[in-house]
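Student: Once you've had a glance at the structure underneath, I'll fire off some questions.
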Amino acid sequence: MEKTIKSYNPATGEIVGEVQITPIERIPEIMHKSHDAQSKWKKLTVDERIDYLDRATQNAAPFSQELIELLSREMGKDLGRSTGEVHGVIGGTSYMAAEVKKALVPQQSVGGTIHYDPLGVVAVISPWNYPLAMFNNLMIPALVAGNTVVLKPSEETPMVAERYIELLNEVLPQNVLQIVHGRREVGKALVDADVQMIAFTGSQAAGRDIMQRAAKGIKRLVMELGGNDPMIVLPDADMRHAARYAVAASLENSGQMCTSTERIYVHSSIKKAFEEEVIRVASQYHTGPWDDERTQVFPIINEKQRSKIIDHIQNAIDQGAKVLLGGTKHPDRYIEPTVLTDVSEAALMSKEETFGPVVSISGYETKEEAIARANNSIYGLGASVFGKEGVEEVAKQLEAGMVGINKTAGSSPWVGAKQSGFGYHGSIDGHRQFTQVKVIS
Ligand code: NAD
């Protein structure tokens, strides 16, 4: 049986490091320790818990450069993006904690006083595309609210998570924050264990399984799942501005982003000019490894994901799409920026998450048609609309948790609609998801 997980550098295939898989039979003991720690952690004041977290992140801060390089080597993203993520996590924690504190202040209601109590132990299960930020966003509100956390980071990026948690744990009280490693079997065992909430970020498939397992114990859930974000470009849009956003939002993080723009609907009157501008901008993006400072598009996390992207591109071509840039032939480990037009509604990339650096364009004739096509999806994470007249009306009609006007989606709260999940983080309402609401009258 597999005892360790090796972490690979996506640019070279070299081994970055190795972590021990947590044996499933150890999970009950880990839970026991977590509950024990929670009984003391919840008795601290909110300020005392925040003070611990502030000191813990300050303890990690001098090791930022080590974390940045580890994140890049393990996940593949360029140093600039890793720097943004590490600084965002370390620097943003105290701001987030202060926002959670506001959410925890008891409120008066007609019936009495509403209190926001901790739930108990929260399992945080996270993906690889933002190896630190994704778990931090859920872990901090959970901890500030008085819960303890057992974290399972992605098996693709265990090393940077391990190191960061180790640095935090030099300051935090014992067992308030524990980390387990493994593939989905360990995730499943965590969901089945004595946890009161599962705060999950990842795919629909895993989300569905977690919901079924959690049903047994009516466990609380935060489900931050995938998307297939549409962008609508109205005929009076600032075409160059929209094209720049279309490229940036499709290629960001090599397209490996939950709110990546995956479908672009452009009014037929400006479609040709828009395509030309998209090609001009996208062809300037530099593809390369993490340690090349010119890199904007970096290697795909693994071969399975890379083959899926190529399959989606081929499938779109088979259904009539024209290749304007890139295509299906790419250097090993990479997908270079690819621009397709006349992508059919029936193509896989119009229906499923591609999660790669692909700009997928198609034309439309009427606003009603564009809205209907944008909404014709099981997903509803982000969406955007570019234009002037009636742009807010279009935004209101889009079925998504986050809609950007003349910019791409992404905000606080970070929230999905439809099968992109439920329960969320960020904002007062988001932070309260990590609490048990109790009214005392
Ligand atoms: P994934 O679902 O394969 O894995 C995510 C985590 O869940 C990993 O730690 C994995 O080991 C674990 N896991 C897998 N199956 C499980 C199960 N049945 N029970 C318990 N745990 C299980 O996702 P991924 O490939 O790591 O990440 C990419 C996905 O995450 C994309 O769909 C992306 O859109 C989504 N995502 C969503 C958001 C958001 O905020 N909505 C943010 C980032 C990524």
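If you read the sequence shown in the numbering used here, its first letter stands for residue 69, the second for the next number, and so on. Even glycine gets a Cβ: it sits at the ideal position worked out from N, Cα and C. This structure is a prediction, so every number in the text was calculated from the model and none was measured.
Who are the Cβ neighbours of VAL411 in its own chain at under 7 angstroms, not counting the five residues just before and after it?
Tutor: Counting only Cβ-Cβ distances below 7 angstroms, and skipping sequence neighbours, we find ALA384, ALA389, MET417, SER418, SER428, ILE429, SER430.
Student: Going residue by residue through the stretch 154-187, where are the continuous beta strand (DSSP E) segments of at least 3 residues, counting only ones entirely within it?
Tutor: The qualifying runs are 175-177, 180-186.
Student: With a threshold of 16 other CB atoms inside 10 Å of the CB of LYS456, please say whether the residue is buried or exposed.
Tutor: Exposed, since its Cβ has fewer than 16 Cβ neighbours within 10 Å.
Student: Pick out whichever of GLY394, ILE338, GLN175, ALA341 has its Cα sitting closest to the Cα of ALA350.
Tutor: For the residues GLY394, ILE338, GLN175, ALA341, the minimum Cα distance to ALA350 belongs to GLY394.
Student: Which residue marks the beginning of the alpha helix (DSSP H) containing GLU292, and which one marks its end?
Tutor: Counting along the chain, GLU292 falls outside any alpha helix (DSSP H), though it belongs to the beta strand (DSSP E) covering 288-292.
Student: Please go through the same chain and pick out, in chain order, the residues whose beta-carbon is closer than 7 angstroms to the beta-carbon of GLN382, but skip the five residues on each side of it.
Tutor: Result list for GLN382: THR396, in chain order.
Student: Please determine, among GLY489, SER318, SER222, the residue with the shortest C-alpha to C-alpha distance to LEU347.
Tutor: Correcting the residue type first, residue 347 is Ile in the shown sequence and not Leu. If we check each option's Cα against that of ILE347, SER318 comes out closest.
Student: Would GLU487 and LEU289 be called neighbours here (beta carbons separated by less than 8 angstroms)?
Tutor: In the sequence under discussion, the amino acid at residue 487 is Gln, which differs from the Glu named in the question. Not in contact: GLN487 and LEU289 (Cβ atoms no closer than 8 angstroms).
Student: Within the present structure, is the beta-carbon of ASP410 separated from the nearest heavy atom of the ligand NAD by less than 7 angstroms?
Tutor: The answer is no for ASP410.
Student: Within the same chain, show all residues whose beta-carbon is closer than 7 angstroms to that of ASN443, passing over the 5 residues directly before and after it, in chain order.
Tutor: These residues qualify, in order along the chain: LEU466, GLU467.
Student: Which of helix, strand or coil does DSSP assign to ARG331?
Tutor: The answer is strand: DSSP assigns ARG331 an E or B state.
Student: When you compare only the Cα positions, how much space is there between THR434 and GLY356?
Tutor: Taking the straight line from one Cα to the other gives about 40 angstroms.
Student: Quick one: grab the DSSP three-state call for TRP358.
Tutor: Residue state, collapsed to three classes: coil.
Student: Taking 7 angstroms as the cut-off, is the beta-carbon of MET207 closer than that to any non-hydrogen atom of the ligand NAD?
Tutor: Answer for MET207: no, Cβ out of range of the ligand NAD.
Student: Do PHE203 and ALA229 have their C-beta atoms within less than 8 angstroms of each other?
Tutor: Taking 8 angstroms as the Cβ cut-off, PHE203 and ALA229 qualify as a contacting pair.
Student: Rounded to a whole number of angstroms, what is the C-alpha to C-alpha distance between VAL507 and ASN370?
Tutor: Their Cα atoms are separated by approximately 49 angstroms.
Student: Quick one, which of ILE278, GLY144, TYR76 has its alpha-carbon nearest ILE403's?
Tutor: It is GLY144.
Student: So which of TYR232, VAL173, MET164 has the shortest CA-CA distance to ILE136?
Tutor: The candidate whose alpha carbon is nearest that of ILE136 is TYR232.
Student: Taking the alpha-carbon positions, what's the ALA314 to GLU437 distance?
Tutor: About 20 angstroms.
Student: Count the other CB atoms within 10 Å of the CB of HIS100; is the residue buried (16 or more) or exposed (fewer)?
Tutor: It counts as exposed.
Student: Hey, would you say the C-beta of LYS110 is under 7 angstroms away from at least one heavy atom of the ligand NAD?
Tutor: Incorrect: LYS110 has no Cβ contact closer than 7 angstroms to the ligand NAD.
Student: May I ask you to check if the CB of LYS256 is nearer than 7 angstroms to at least one heavy atom of the ligand NAD?
Tutor: Checking the Cβ of LYS256 against the ligand NAD gives yes.
Student: Quick check on the DSSP output: the beta strand (DSSP E) that includes GLN352 runs from which residue to which?
Tutor: Segment: none, GLN352 is in no beta strand (DSSP E) and carries neither H nor E.
Student: Using DSSP with H/G/I as helix, E/B as strand and the rest coil, what is ALA414?
Tutor: Residue state, collapsed to three classes: coil.
Student: Based on DSSP bridge pairs, tell me the residues matched to LYS74.
Tutor: DSSP output for LYS74 lists GLU86 as bridge partner(s).
Student: Whole angstroms is fine: what's the gap from GLU238's alpha carbon to PRO209's?
Tutor: Cα to Cα, the separation comes out at about 20 angstroms.
Student: Let me check understanding here. Comparing Cα to Cα, which of MET207, GLY179, GLY156, ASP400 lies closest to VAL192?
Tutor: Selected option, being the one with the closest Cα: MET207.
Student: Considering only the beta carbon of each residue, do ALA213 and THR406 sit closer than 8 angstroms?
Tutor: Contact flag unset, no.
Student: Just to check, is the beta-carbon of MET202 closer than 7 angstroms to a non-hydrogen atom of the ligand NAD?
Tutor: The answer is yes for MET202.
Student: Would you kindly report the start and end of the unbroken alpha helix (DSSP H) that includes SER375?
Tutor: Run containing SER375: 371-386, per the alpha helix (DSSP H) assignment.
Student: Within its chain, find whatever has a CB closer than 6 angstroms to the CB of GLU344; leave out the 5 residues flanking it on each side and keep chain order.
Tutor: So no residue of the chain qualifies.
Student: Could you spell out the range, first to last residue, of the alpha helix (DSSP H) harbouring TYR313?
Tutor: Element bounds for TYR313: 307-319.
Student: Hey, GLY424 and GLY323 are a contact pair by Cβ (cut 8 angstroms); roughly how many whole angstroms apart?
Tutor: Between GLY323 and GLY424 the Cβ distance is about 4 angstroms, and since that is below 8 angstroms, they are a contact.
Student: The ligand NAD heavy atoms versus the CB of ASP277: any closer than 7 angstroms?
Tutor: Yes, since a heavy atom of the ligand NAD falls inside the 7 angstroms radius drawn around the Cβ of ASP277.
Student: Rounded to whole angstroms, what is the Cα-Cα separation between GLY255 and LYS220?
Tutor: About 7 angstroms.
Student: Opposite GLY478 in the DSSP bridges: which residues?
Tutor: Looking at the DSSP assignment, GLY478 forms no beta bridge with any residue, so it has no partner.
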